[in-house]
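Trainee:
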Amino acid sequence: MGKHIRRNRKLMGVIGAVGIAGGSAMVFWSTNAALASTPSMAWSIPGAKNGVTELSFYQQIDAAKPEKMFYFGNQFKFIGGGDGGYIGMQPVPHDSRGVRQFLVIFSSFRADSHTSHPNCHGGADGSPNGVSCKTTIKGALGHAYRLQVVKSGTQLTGRVIDTETGASTVVGQWSVGTAARNISTWDVSWVERYRGPKMPPCNSTTWPYYKVKFGNPTANNGALTGSMGDFRQKSSACPGALKSVHDSTGTTMMGGFKSPGDESATPTPTRTIKPTAPCDPAVTITE
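Heads up: take any position in the sequence shown, counting from 1, add 1, and you land on my numbering.
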């Protein structure tokens with residue numbers, strides 16, 4: 002996978018507090034410029050103070066150039082404390098037949114993580130600690146993908162499910178120490194520009210258009226439904242090139258600049274997806 006400037010332990014360090022009001026959550030960031038300018042949204046799932054053993058995120062990419070540049074990620078942690086992990090998707094170049102595909106990543110930043118899965122290797126984002134897993138799936142713009150994390154004992158399995166076709170793929174597996182306990186029910190989701198100049202000029206070449214919806218998360222195979230907060234962070238990295246649309250079904254992030262020939266799907270439907278059984282991006286927002 003591409004190198005990411007974002008690291009789980011750093012993200013936790015800059016989140017000051019999460020407030021819940023009217024079913025939505027807000028992240029309060031520190032003044033760390035490199036991280037604060039990354040578009041981020043807080044998510045939470047009420048009703049499980051002792052954590053959960055299954056957690057699902059939902060992403061629908063309606064527009065994104067088929068190139069390595071952006072990572073649409075979802076972070077989670079554990080009731081027992083310590084570093085957590087993330088699961089998310091990256092648009093990548095088409096395959097040799099011109100078919101759209103996505104790289105799906107499932108990582109741990111915990112020093113007590115280990116793996117023997119063929120999709121995984123030790124270490125995460127340049128650190129010797131943790132585990133990184135990845136797989137490439139055939140996909141399509143406009144499809145909703147369920148990114149599922151299941152904890153069974155000390156082992157966690159990451160899976161991606163195309164809710165339109167039913168295709169299900171294991172991204173990887175890794176274990177954690179017993180201190181980790183269950184998966185926590187609040188953290189953040191985000192859009193990261195992980196490749197290219199740290200502060201490129203703001204135009205359609207350096208900031209290609211993307212549109213991705215982060216749906217409300219669920220837990221314990223649909224027994225619990227949470228909420229995805231709206232994007233709130235503002236900075237001056239690339240004024241006018243980012244906006245968000247938030248409603249009861251989640252948050253849609255639209256970044257960069259449209260140009261002739263941009264691929265796009267039909268508008269994101271405002272629907273809630275229920276599970277089936279087992280850099281420095283642009284900054285001004287519109288609410």
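Yeah, the Cβ is synthetic: ideal placement off N, Cα and C, and Gly gets one too.
Can you tell me where the beta strand (DSSP E) with Arg160 in it begins and where it stops?
Mentor: It spans Gln156 to Asp163 - the beta strand (DSSP E) in which Arg160 sits, taken as one unbroken run.
Trainee: For Gly85, which residues in the same chain have their Cβ closer than 8 angstroms to its Cβ, ignoring the five residues on either side in sequence?
Mentor: Closer than 8 angstroms at Cβ, skipping near neighbours: Asn9, Met13, Gln76, Phe77, Lys78, Phe79, Ser109, Phe110, Arg111, Ser185 and Asp188.
Trainee: Taking the alpha carbon of Thr206 as the reference point, which residue from Lys135, Ser260, Cys134 and Trp44 has its own alpha carbon closest?
Mentor: Among Lys135, Ser260, Cys134 and Trp44, the Cα nearest to that of Thr206 is on Ser260.
Trainee: Helix, strand or coil: how does DSSP classify Ala181 here?
Mentor: Correct three-state label for Ala181: helix.
Trainee: Checking the sheet assignment: what are the DSSP bridge partners for Gly216?
Mentor: Per DSSP, Tyr59 and Gly251.
Trainee: Decide if Pro218 is buried, meaning its Cβ has at least 16 other Cβ atoms within 10 Å, or exposed.
Mentor: Classification for Pro218: buried.
Trainee: Taking only the alpha-carbon atoms, compute the straight-line gap between Ile62 and Gly82 and give it to the nearest angstrom.
Mentor: So the alpha carbons of these two residues sit roughly 32 angstroms apart.
Trainee: Going by DSSP, what residues sit across from Tyr87 in a beta bridge?
Mentor: Its beta-bridge partners are Gln76 and Ser108.
Trainee: Alpha carbon to alpha carbon, how far is Pro40 from Thr252?
Mentor: Going from the Cα of Pro40 to the Cα of Thr252 covers about 11 angstroms.
Trainee: Which of helix, strand or coil does DSSP assign to Cys121?
Mentor: Note: Cys121 maps to strand in three-state DSSP.
Trainee: So what's Gly223 in DSSP terms, helix, strand or just coil?
Mentor: Gly223 falls in the coil class under three-state DSSP.
Trainee: In whole angstroms, give me the CA-to-CA distance for Asp96 and Gly173.
Mentor: In a straight line, the C-alpha of Asp96 is about 21 angstroms away from that of Gly173.
Trainee: For the 8 angstroms Cβ check, are there 3 or more pairs between the stretch 43-61 and the stretch 147-162?
Mentor: At 8 angstroms Cβ cutoff, the stretches touch.
Trainee: Taking the alpha carbon of Tyr195 as the reference point, which residue from Asn130, Gln91 and Ile46 has its own alpha carbon closest?
Mentor: Per the Cα distances, Gln91.
Trainee: Any beta-carbon of chain E closer than 7 angstroms to the one on Val192?
Mentor: In the displayed structure, chain E is absent; only one protein chain is listed.
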